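Colleague:
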Amino acid sequence: MPIHNSDIADIFSQIADFLEILGDNPFRIRAYRNASRTVGSFSKNISDMIANNEDLTQFPGIGKDLAGKIREIVETGTLDFMERLRKKLPSELIKLMNIAGLGPKKVAKLYKELGITNIEQLKKAIDSQKIFELEGFGEKTAQNIIEEINRLEQKESERFMISAAQQYAQSIVEYLKKAEGINDVSIAGSLRRRRDTIRDIDILVTCENSAKVMEHFVKYDEIQKVLSKGKTKSTVLLRSNLQVDVRAVPQESFGSALQYFTGSKEHSIELRKIAIKKKYKLNEYGVFSGDKQIAGKKEEDVYKSLGLPYIEPELRENRGEIEAALNGKLPNLITFGDIKGDLHMHSNYTDGHASIAQMAQVAKKKGYSYIAITDHSQHITVAGGLKPHDLKKQISEINKTSVKGITILKGSEIDILEDGSLDLPDEILKQLDVRICSVHYKFNLSKEKQTQRIIKAMDNPYFNILAHPTGRLINKREPYDIDIEKIMQAAKEKNCILELNSFPDRLDINDIFCKMAKDIGVKIAINTDAHRPGDLDFMHFGIGQARRGWLEPKDVINTLPLAQLKKILKR
Ligand code: DGT
Ligand code: CA
Ligand code: ZN
Numbered sequence: 095m096p097i098h099n100s101d102i103a104d105i106f107s108q109i110a111d112f113l114e115i116l117g118d119n120p121f122r123i124r125a126y127r128n129a130s131r132t133v134g135s136f137s138k139n140i141s142d143m144i145a146n147n148e149d150l151t152q153f154p155g156i157g158k159d160l161a162g163k164i165r166e167i168v169e170t171g172t173l174d175f176m177e178r179l180r181k182k183l184p185s186e187l188i189k190l191m192n193i194a195g196l197g198p199k200k201v202a203k204l205y206k207e208l209g210i211t212n213i214e215q216l217k218k219a220i221d222s223q224k225i226f227e228l229e230g231f232g233e234k235t236a237q238n239i240i241e242e243i244n245r246l247e248q249k250e251s252e253r254f255m256i257s258a259a260q261q262y263a264q265s266i267v268e269y270l271k272k273a274e275g276i277n278d279v280s281i282a283g284s285l286r287r288r289r290d291t292i293r294d295i296d297i298l299v300t301c302e303n304s305a306k307v308m309e310h311f312v313k314y315d316e317i318q319k320v321l322s323k324g325k326t327k328s329t330v331l332l333r334s335n336l337q338v339d340v341r342a343v344p345q346e347s348f349g350s351a352l353q354y355f356t357g358s359k360e361h362s363i364e365l366r367k368i369a370i371k372k373k374y375k376l377n378e379y380g381v382f383s384g385d386k387q388i389a390g391k392k393e394e395d396v397y398k399s400l401g402l403p404y405i406e407p408e409l410r411e412n413r414g415e416i417e418a419a420l421n422g423k424l425p426n427l428i429t430f431g432d433i434k435g436d437l438h439m440h441s442n443y444t445d446g447h448a449s450i451a452q453m454a455q456v457a458k459k460k461g462y463s464y465i466a467i468t469d470h471s472q473h474i475t476v477a478g479g480l481k482p483h484d485l486k487k488q489i490s491e492i493n494k495t496s497v498k499g500i501t502i503l504k505g506s507e508i509d510i511l512e513d514g515s516l517d518l519p520d521e522i523l524k525q526l527d528v529r530i531c532s533v534h535y536k537f538n539l540s541k542e543k544q545t546q547r548i549i550k551a552m553d554n555p556y557f558n559i560l561a562h563p564t565g566r567l568i569n570k571r572e573p574y575d576i577d578i579e580k581i582m583q584a585a586k587e588k589n590c591i592l593e594l595n596s597f598p599d600r601l602d603i604n605d606i607f608c609k610m611a612k613d614i615g616v617k618i619a620i621n622t623d624a625h626r627p628g629d630l631d632f633m634h635f636g637i638g639q640a641r642r643g644w645l646e647p648k649d650v651i652n653t654l655p656l657a658q659l660k661k662i663l664k665r
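Okay, here's the thing in structure tokens:
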């Protein structure tokens with residue numbers, strides 16, 4: 095495994111930190127800090143020099159002892175001395191050093207003078223004001239520590255919706271592209287895998303001079319705080335509290351770095367097992383046979399070298415994709431281009447903000463050949479739900495409206511009432527092309543009752559699509575208690591469809607349930623539930639999630655041409 099100069103520098107600086115906490119001799123501590131600096135600013139690749147048997151002691155600042163330690167790091171990837179020091183310290187204590195503003199000196203003081211080894215004890219010491227007894231700990235430091243602890247704790251729990259993360263990431267990508275000497279800029283991590291929520295944004299770049307790119311990055315004007323800035327990696331906190339990591343990687347390692355930092359970790363671990371079987375080494379720098387890099391520049395080649403076809407990022411969750419790849423059974427994932435129409439949207443007849451014709455025009459520009467207008471039914475008064483009489487008016491307006499090149503289907507989003515009946519009489523339901531049915535109240539029924547309520551609704555022959563089937567609102571509301579598998583089985587038997595609602599705070603059903611639906615054989619409609627023309631763009635989030643759920647065009651009804659779609663909607 096190639097060890098970079100910065101890895102060696104990190105180990106020496108880690109040792110200095112440990113020694114400092116342990117109260118070691120200041121000269122020794124300084125020697126390790128200097129060594130870290132010397133190695134970090136070295137212009138040649140030390141791993142290569144050692145491979146060529148060059149004598150390191152010919153360089154200023156590197157004595158025999160240090161040269162020996164460097165050799166040990168290059169050969170083993172770590173240093174026994176560091177590992178031994180690490181064992182002497184409580185592991186929680188090492189975490190304390192992650193609190194920005196608490197360097198090793200301060201952590202050492204807390205440990206030695208107050209016996210503090212973890213965050214809980216640190217909080218107590220601040221509450222009881224005991225911390226002020228220590229030299230160098232004033233009101234301001236305490237304030238900073240508290241803020242930083244809160245931020246770290248919040249960060250553990252808080253995940254951003256993909257829509258927000260995507261927007262922030264996109265503008266940072268644009269900004270990074272303006273840096274001098276920049277080559278590639280790519281999003282990695284959970285955002286590239288299109289997860290519904292994102293903890294932090296990972297971005298990779300290749301460039302001529304990474305220090306300059308980092309300099310440029312930390313000047314981005316949305317930044318609240320620069321958490322760390324190095325030559326090849328920087329981490330910042332945006333004003334929105336979203337954390338962004340940018341890493342510069344060598345061009346010849348770009349593909350493997352992209353693979354590694356796209357993850358998921360579980361997927362990469364499985365890949366590494368395959369590499370080991372082939373007697374290769376796989377890491378973020380490349381695929382290696384002995385010391386020779388056999389792949390790494392391109393992501394495709396990383397997979398190829400392991401005997402695998404390319405695996406799309408959305409599938410990389412270790413949910414069977416590697417086995418499928420080995421057996422030539424990867425799904426032919428759906429793309430936005432497969433979508434022929436959107437079957438769930440609202441107009442200004444209810445809580446939407448645009449006219450029927452406006453929605454149709456924007457949909458037409460997306461290349462769709464049909465849409466369905468599905469305004470709410472009467473029960474949901476807060477959304478201005480339509481009484482049969484109003485819906486009839488809408489039906490006749492749709493009959494009269496024509497937008498060239500796109501068919502407007504007559505639909506409704508009908509409440510499923512508590513007893514499992516539908517909120518509109520059959521007499522009007524039968525005049526519609528598409529009926530979307532949803533649960534909008536009484537979320538707290540027992541699992542059995544809620545499941546029965548929905549299954550009973552499907553007995554109505556006009557029931558087409560179960561909208562946002564679990565009712566979750568990301569970060570706001572848990573799904574209601576239902577037996578989703580039973581509902582899917584019922585839907586399959588009765589030729590009903592489940593929706594994948596693409597609204598970013600819903601993304602309902604989720605990726606796991608998409609795959610379950612596919613396995614059960616129940617069809618999906620990927621809809622936006624747009625309330626304004628711009629919302630029609632949410633289709634991309636739905637597509638990302640559908641891909642995470644292994645969906646193919648044939649699993650999704652709104653990939654069908656209109657005539658075939660109509661047949662399916664007839665049940
Ligand atoms: P997130 O940020 O929680 O939404 O999810 P990710 O997947 O973006 O996770 P993150 O940001 O912690 O790390 C980004 C990627 O880096 C992750 O998907 C895989 C890779 N990675 C991070 N830590 C490890 C590790 O310990 N082992 C391996 N193999 N990969 C890792
Ligand atoms: Ca991440
Ligand atoms: Zn709706």
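Under the numbering used here, the first residue of the sequence shown carries the number 95, and numbering increases by one thereafter. Built from N, CA and C at the ideal position, the CB exists for glycine as well. Small disclaimer: the values here were computed from a predicted structure and weren't measured.
1) If you drop the 5 nearest sequence neighbours on each side, which residues of the same chain put their C-beta closer than 8 Å to that of F355?
2) Tell me where the alpha helix (DSSP H) around R165 begins and ends.
3) Thinking C-beta only, is I256 closer than 9 Å to F635?
4) Does the distance between the C-beta of D436 and the nearest non-hydrogen atom of ligand 2 fall short of 8 Å?
5) Would you check if there are 3 or more beta carbon pairs closer than 8 Å linking the segment 505 to 525 to the segment 537 to 557?
6) Around ligand 2, which residues pass a check of Cβ closer than 6 Å to any of its heavy atoms?
7) When you compare the CB positions of S449 and E507, do they come within less than 9 Å of one another, or not?
8) Could you compute how far the alpha carbon of E247 sits from the alpha carbon of D436?
9) If S328 and M308 are in contact, beta carbons under 8 Å, what's the gap, nearest whole angstrom?
10) Return yes when at least one heavy atom of ligand 1 lies under 8 Å from the C-beta of T501, else no.
11) When you get a sec, list the residues whose CB is within less than 5 Å of any heavy atom of ligand 3, chain order please.
12) Return the chain-ordered list of same chain residues with a C-beta closer than 7 Å to the C-beta of R180, the five sequence neighbours on each side being excluded.
13) For the alpha helix (DSSP H) that contains K541, what are its first and last residues?
14) Taking buried to mean at least 16 other C-beta atoms within 10 Å of its own C-beta, is Q108 buried or exposed?
15) Buried or exposed: S130, going by 16 or more other Cβ atoms within 10 Å of its Cβ?
16) Does the distance between the C-beta of G357 and the nearest non-hydrogen atom of ligand 5 fall short of 8 Å?
17) Taking 7 Å as the limit between beta carbons, can you name the residues of its chain near A457, skipping five residues before and five after?
18) Compute the Euclidean distance between the alpha carbons of G134 and I266, then round it to the nearest angstrom.
19) According to DSSP, simplified to helix, strand and coil, what is L332?
20) Can the beta-carbon of T622 be found closer than 9 Å to that of N604?
21) Tell me whether the beta-carbon of D575 lies closer than 9 Å to the beta-carbon of K550.
22) In chain order, what residues of the same chain have a beta carbon less than 7 Å from the beta carbon of A369, not counting five sequence neighbours either side?
23) Tell me the residue span of the alpha helix (DSSP H) that contains Q260.
24) How would you label E408, buried or exposed, when you count the other beta carbons within 10 angstroms and need 16 or more for buried?
25) When you compare the segment 226 to 233 with the segment 199 to 214, are there three or more beta-carbon pairs, one atom per stretch, that lie closer than 8 Å?
26) Could you check what DSSP says for M439 in three-state terms: helix, strand or coil?
27) Can you find the residues in the same chain that come closer than 7 Å, C-beta to C-beta, to S463, ignoring five residues on each side of it along the sequence?
28) Could you check how far apart the C-beta atoms of K272 and V279 are, in whole angstroms? I think they sit under 8 Å.
29) For I213, which of I97, K234, K189 has the nearest alpha-carbon?
30) Kindly indicate the opening and closing residues of the beta strand (DSSP E) around Y354.
31) Quick check on this structure: which residue in V338, I492, I276 has the alpha carbon closest to the alpha carbon of R293?
32) Among the candidates T468, A259, Q237, M143, whose CA atom is the shortest distance from the CA of T444?
33) Comparing alpha-carbon positions, which option in D101, N589, F632 lies nearest A59?
34) CB of I363 to nearest heavy atom of ligand 1: below 8 Å?
35) For R127, which residues in the same chain have their Cβ closer than 7 Å to its Cβ, ignoring the five residues on either side in sequence?
36) May I have a chain-ordered list of the alpha helix (DSSP H) segments no shorter than 4 residues that lie completely inside the segment 411 to 469?
Modeller: Well, looking at it:
1) Cβ-Cβ distances below 8 Å link F355 to A282, G283, D296, L298, R341, E378 in the same chain, with the five nearest sequence neighbours on each side left out; the list follows chain order.
2) The continuous alpha helix (DSSP H) containing R165 extends over residues 158 to 170.
3) Result yes, Cβ atoms of F635 and I256 sit closer than 9 Å.
4) At a cut-off of 8 Å, the beta-carbon of D436 does not count as near ligand 2: no heavy atom of the ligand is closer than that.
5) For the pair of segments examined, the segment 505 to 525 was found to touch the segment 537 to 557: the number of CB pairs separated by less than 8 Å reaches three.
6) Residues flagged by the Cβ proximity filter: G283, S284, R293, D294, D296.
7) Contact flag unset, no.
8) One C-alpha to the other measures close to 40 Å.
9) That pair is a contact at about 5 Å.
10) No, the Cβ of T501 stays beyond 8 Å of every heavy atom of ligand 1.
11) Spelled out in chain order, the answer is E507, D623.
12) Excluding the 5 residues flanking it on each side, R180 has same chain C-beta neighbours closer than 7 Å at F112, in chain order.
13) Note, K541: alpha helix (DSSP H), 541 to 552.
14) Looking at its Cβ environment, which holds 16 or more other Cβ atoms inside 10 Å, Q108 is buried.
15) Counting other Cβ atoms within 10 Å of its Cβ, S130 reaches 16 or more and is therefore classed as buried.
16) With respect to ligand 5, the structure offers nothing, as its ligand set consists of ligand 1, ligand 2 and ligand 3.
17) Cβ contact annotation for A457 (same chain, cutoff 7 Å, sequence separation greater than five): D436, I465, I500, L630, in chain order.
18) Annotation: G134 to I266 spans about 28 Å, alpha carbon to alpha carbon.
19) Annotated three-state conformation of L332 is strand, per DSSP.
20) The criterion of a C-beta distance shorter than 9 Å is not satisfied by T622 and N604.
21) No.
22) Around A369: K375, L376, V381, L400.
23) If you look at Q260, you'll find it in the alpha helix (DSSP H) that goes 256 to 270.
24) Counting other Cβ atoms within 10 Å of its Cβ, E408 reaches 16 or more and is therefore classed as buried.
25) Because the criterion of three Cβ pairs below 8 Å is met, the segment 226 to 233 and the segment 199 to 214 touch.
26) Under the three-state reduction of DSSP, M439 is assigned to strand.
27) If you ignore the 5 residues before and after S463, its C-beta comes within less than 7 Å of the C-beta of K434, G435, I500, T501, L656, all in its own chain and listed in chain order.
28) Beta-carbon to beta-carbon, K272 and V279 are separated by about 10 Å, too far to satisfy the 8 Å threshold.
29) Measuring from the Cα of I213, the nearest candidate turns out to be K189.
30) That residue, Y354, is in no beta strand (DSSP E); its alpha helix (DSSP H) goes 348 to 356.
31) For R293, the nearest C-alpha among the options comes from V338.
32) Checked all of T468, A259, Q237, M143; the closest Cα to T444 is T468.
33) Lying before the first or after the last residue shown, residue 59 is absent from the chain, which here runs from 95 to 665.
34) Yes, the Cβ of I363 comes within 8 Å of a heavy atom of ligand 1.
35) So the qualifying residues of the chain are S107, A110.
36) Entirely contained in the segment 411 to 469, the alpha helix (DSSP H) runs reaching 4 residues are, in chain order, 415 to 420, 450 to 459.
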